[in-house]
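Contents: one structure, followed by commentary.
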Amino acid sequence: MRLIFLPLILLHFCASLQAEDHPKDLAQTSILASAGAEKPLGTFEPKLDHKLSLAGSRLETLNFVLKLRGNGCNRISFSALSSKDSPPRWFTLRFYEMLTITSRQPSFPGAFVGKLYDPLLPVQNEKICIDQASGKWIWGELDIPAQTPPGEYRGTINFGKSLLPLELTVWKMTIPDKPALPSYTEMSTWYNLKGHFGEWRPQEAELAQKYIAELRKHRIIDITTLITWPPVIKTGERFRLDIKNSPTPDQSFTSINLQQRPAWAYFGFPTVPPADISKKKTDEYLQAVEGTLPEINRPGKAIIYLWDEPKEEDLPRLIEYCKKVRRLAPSLKIMVTIHYLPELAGLVDIFVPVMDLFDAEDSPRSEQYRQLQKNGREVWWYVSCMSHGCEALQDSGRPDFVIDRPSVYIRSIAWLAHKYGINGFLYYFVNYAYQFYPERDPWQSLWDFSGHGDGTLFYPGRASERGLKTEMPLPSIRLKLWRETSYDAEYLKWIDSVTPRPTWWPAEFASLVQNTQKWSRDYTRYHSLRQRIGQYLNQVSE
Numbered sequence: 010m011r012l013i014f015l016p017l018i019l020l021h022f023c024a025s026l027q028a029e030d031h032p033k034d035l036a037q038t039s040i041l042a043s044a045g046a047e048k049p050l051g052t053f054e055p056k057l058d059h060k061l062s063l064a065g066s067r068l069e070t071l072n073f074v075l076k077l078r079g080n081g082c083n084r085i086s087f088s089a090l091s092s093k094d095s096p097p098r099w100f101t102l103r104f105y106e107m108l109t110i111t112s113r114q115p116s117f118p119g120a121f122v123g124k125l126y127d128p129l130l131p132v133q134n135e136k137i138c139i140d141q142a143s144g145k146w147i148w149g150e151l152d153i154p155a156q157t158p159p160g161e162y163r164g165t166i167n168f169g170k171s172l173l174p175l176e177l178t179v180w181k182m183t184i185p186d187k188p189a190l191p192s193y194t195e196m197s198t199w200y201n202l203k204g205h206f207g208e209w210r211p212q213e214a215e216l217a218q219k220y221i222a223e224l225r226k227h228r229i230i231d232i233t234t235l236i237t238w239p240p241v242i243k244t245g246e247r248f249r250l251d252i253k254n255s256p257t258p259d260q261s262f263t264s265i266n267l268q269q270r271p272a273w274a275y276f277g278f279p280t281v282p283p284a285d286i287s288k289k290k291t292d293e294y295l296q297a298v299e300g301t302l303p304e305i306n307r308p309g310k311a312i313i314y315l316w317d318e319p320k321e322e323d324l325p326r327l328i329e330y331c332k333k334v335r336r337l338a339p340s341l342k343i344m345v346t347i348h349y350l351p352e353l354a355g356l357v358d359i360f361v362p363v364m365d366l367f368d369a370e371d372s373p374r375s376e377q378y379r380q381l382q383k384n385g386r387e388v389w390w391y392v393s394c395m396s397h398g399c400e401a402l403q404d405s406g407r408p409d410f411v412i413d414r415p416s417v418y419i420r421s422i423a424w425l426a427h428k429y430g431i432n433g434f435l436y437y438f439v440n441y442a443y444q445f446y447p448e449r450d451p452w453q454s455l456w457d458f459s460g461h462g463d464g465t466l467f468y469p470g471r472a473s474e475r476g477l478k479t480e481m482p483l484p485s486i487r488l489k490l491w492r493e494t495s496y497d498a499e500y501l502k503w504i505d506s507v508t509p510r511p512t513w514w515p516a517e518f519a520s521l522v523q524n525t526q527k528w529s530r531d532y533t534r535y536h537s538l539r540q541r542i543g544q545y546l547n548q549v550s551e
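Residue numbers in the sequence shown follow our numbering, run continuously in steps of one, and reach 551 at the last position.
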């Protein structure tokens, strides 16, 4: 397995630094910054400053945005960060060019139409070339290692001869490996090949591992990623799956679906189509799944995504299917993207209602979901085209992932989930649009389900295009925002469990999110409150 992104910027040593109050501009270059992940959209630009102030916990990756101006090509780099209590320390920073795709129609009423910032291209050869008077937007991120001593650090980000003071506050807390709001998705290894090559190539396993690793970097877990179904093997009267050798060891279920998966995370088995429920091979497959679980040895972590958005007329078949799984593969947890129904309460382990039907009129109330949780079930959420209109323009007021939304539409998700005590978040696909290449290139259009980028959070980084030399997944801004809201969930969990809990917290939280339609559209309010939470936790932490 190969690493996906190597930092494509060179470090230079700086034994001691004096932070500047304002950047130097000695060669017609300038650099301004904005902390967080608020992106420019249409005529809107995030508020920029002459210095960059970041704060976070250990094992957190912090986002920021830079606006560069200059003539021609200039080097971008950064210094070691100094503190009064320790020698200069190197942190990992990554820079990406913020690229655009062009929309020709809105995803929802009032959406900006035109160039939309979303693809992120790693800065190559540590140089950035600017050929426009308006300057260039750069995405940045900084990793805080686990062993970093808490405290204040200072250094610079350098562009040409311009210096941007960088102030980093490292808090005492450490981000846990298991997220407070676990995030799950699906990905097709075949779609990866289509998006990169337009046809089958032998790099399917290698490319799959790159995408899985990139998902892990963003705290996202793929549920069931596989190249082929593991075949059923019968020994006497017992069935099991060949999960290690088929079709080859490096393409096997174990290699692709389990190898990079953390121990806390669920893993999925492929689902038999509902039309095949009654077939003998389905019985044998479910028995083989049950017979294989001891070999995997991850008790309680195996799930089956049994049915996606079943209709009312599907309910009898769904119940039949659930009962069959309970009988033949009782160790599997059953997940269905459906709202609560009393007849499913004893059959479905993980209910995943779409957010648009969670607290809507005539829908199950949040109290019913909390009772499910008390009974040992889990309740996840997912967002869909219902928020922006699956076939026609509309705007339900719920969050979604379309490109022409402001950043706050993704950042708000953890805050809303915290209000309702949601156990997990599901986004149905991350490379959906890849399947249409070469007839339709994801770089030219991500219009699916009446929205830009619905179901696609990556861009295919093709060798020989955009200066790349190898095939690699290129992240989107929306992927970064998903990780950011995942980090927010940690702070929300901490602040609700800390003693003493600050008196200001309940009112501040209540003013930010009321329900899935009434929540603040001001990104800076979430960012500022998260900063305040972090400062408080740092003060009371031992």
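Note that the Cβ used here is the ideal one computed from N, Cα and C, for glycine as well. For clarity, every value in this text was computed on a predicted model and none was experimentally measured.
| Asked | Found |
| --- | --- |
| Straight-line gap, Lys342 to Gln444 (C-alpha atoms, nearest Å) | 30 Å |
| Terminal residues of the beta strand (DSSP E) in which Ala44 lies | 39-44 |
| Straight-line gap, Ile139 to Tyr105 (C-alpha atoms, nearest Å) | 14 Å |
| Phe53, buried or exposed, once every other Cβ within 10 Å from all chains shown has been counted against 16 | exposed |
| Beta-carbon contacts of Thr479 that lie in its chain and below 7 Å, excluding the five residues immediately before and after | Ala472 |
| Closest by C-alpha distance to Ser539, when choosing among Glu474, Ala423, Lys527, Gly464 | Per the sequence shown, residue 539 should be read as Arg rather than Ser. The shortest C-alpha separation from Arg539 is found at Ala423. |
| Residue interval of the beta strand (DSSP E) (run including Phe467) | 467-470 |
| CA nearest to the CA of His59, picked from Gly119, Glu176, Val361 | Glu176 |
| Host beta strand (DSSP E) of Leu483 (start-end) | 481-484 |
| Exposure of Gly430, with buried meaning 16 or more beta-carbon neighbours within 10 Å | exposed |
| Backbone CA spacing between Thr101 and Leu71 [nearest angstrom] | 11 Å |
| Buried versus exposed, by CB contacts within 10 Å (16 or more), Glu223 | buried |
| Cβ neighbours of Ile312 in the same chain (closer than 6 Å, five flanking residues each side left out) | Tyr275, Gly277, Lys342, Met344 |
| Same chain only: Cβ atoms within 6 Å of Trp316, ignoring 5 sequence neighbours per side | Leu327, Val345 |
| Distance, Trp199 Cα to Tyr220 Cα | 12 Å |
| Residue environment, Leu57, which counts as buried when at least 16 other CB atoms sit within 10 Å | exposed |
| Contact belief for Thr194 with Ile229 at Cβ below 8 Å, rounded distance in angstroms | 6 Å |
| Start-to-end residues for the beta strand (DSSP E) that takes in Gly160 | 160-168 |
| Supposed close pair His2, Ser39 - CB separation, criterion 8 Å | What is shown of the chain runs 10 to 551, which leaves residue 2 out entirely. |
| Assigned exposure category for Trp266 - 16 Cβ within 10 Å defines buried | Per the sequence shown, the amino acid found at residue 266 is Asn instead of Trp. Its Cβ being crowded by 16 or more others within 10 Å, Asn266 is buried. |
| Segments assigned alpha helix (DSSP H), at least 4 residues, entirely inside the stretch 515-540 | none |
| Three-way DSSP call (helix, strand, coil) for Glu499 in this model | helix |
| Ile305 - containing beta strand (DSSP E), residue span | Here Ile305 belongs to no beta strand (DSSP E); instead the alpha helix (DSSP H) covers 289-305. |
| Leu425 in three-state terms, based on DSSP | helix |
| Beta-carbon proximity of Thr183 to Arg98, cut-off 8 Å | no |
| Cβ-Cβ distance between Tyr437 and Gly462 below 8 Å | no |
| Euclidean distance between Cα positions of Lys136 and Leu488 | 24 Å |
| CA nearest to the CA of Leu483, picked from Leu77, Leu108, Arg379, Asp259 | Leu108 |
| Separation of Leu356 from Glu299, as counted between CA atoms | 17 Å |
| Under 8 Å between C-beta atoms of Leu425 and Trp503 | no |
| Residue interval of the alpha helix (DSSP H) (run including Leu337) | 324-337 |
| Strand pairing of Ala64, partner residues [DSSP] | Thr178 |
| Residue nearest to Val549 in terms of C-alpha spacing, selected from Leu61, Ile305, Pro509, Ser537 | Pro509 |
| In chain order, each beta strand (DSSP E) run of at least 3 residues that lies wholly inside the stretch 352-401 | 387-391 |
| Cβ contact (3+ pairs, closer than 8 Å) linking the stretch 200-207 and the stretch 241-251 | no |
| Buried or exposed by the 16-neighbour rule on C-beta atoms within 10 Å, applied to Gln260 | buried |
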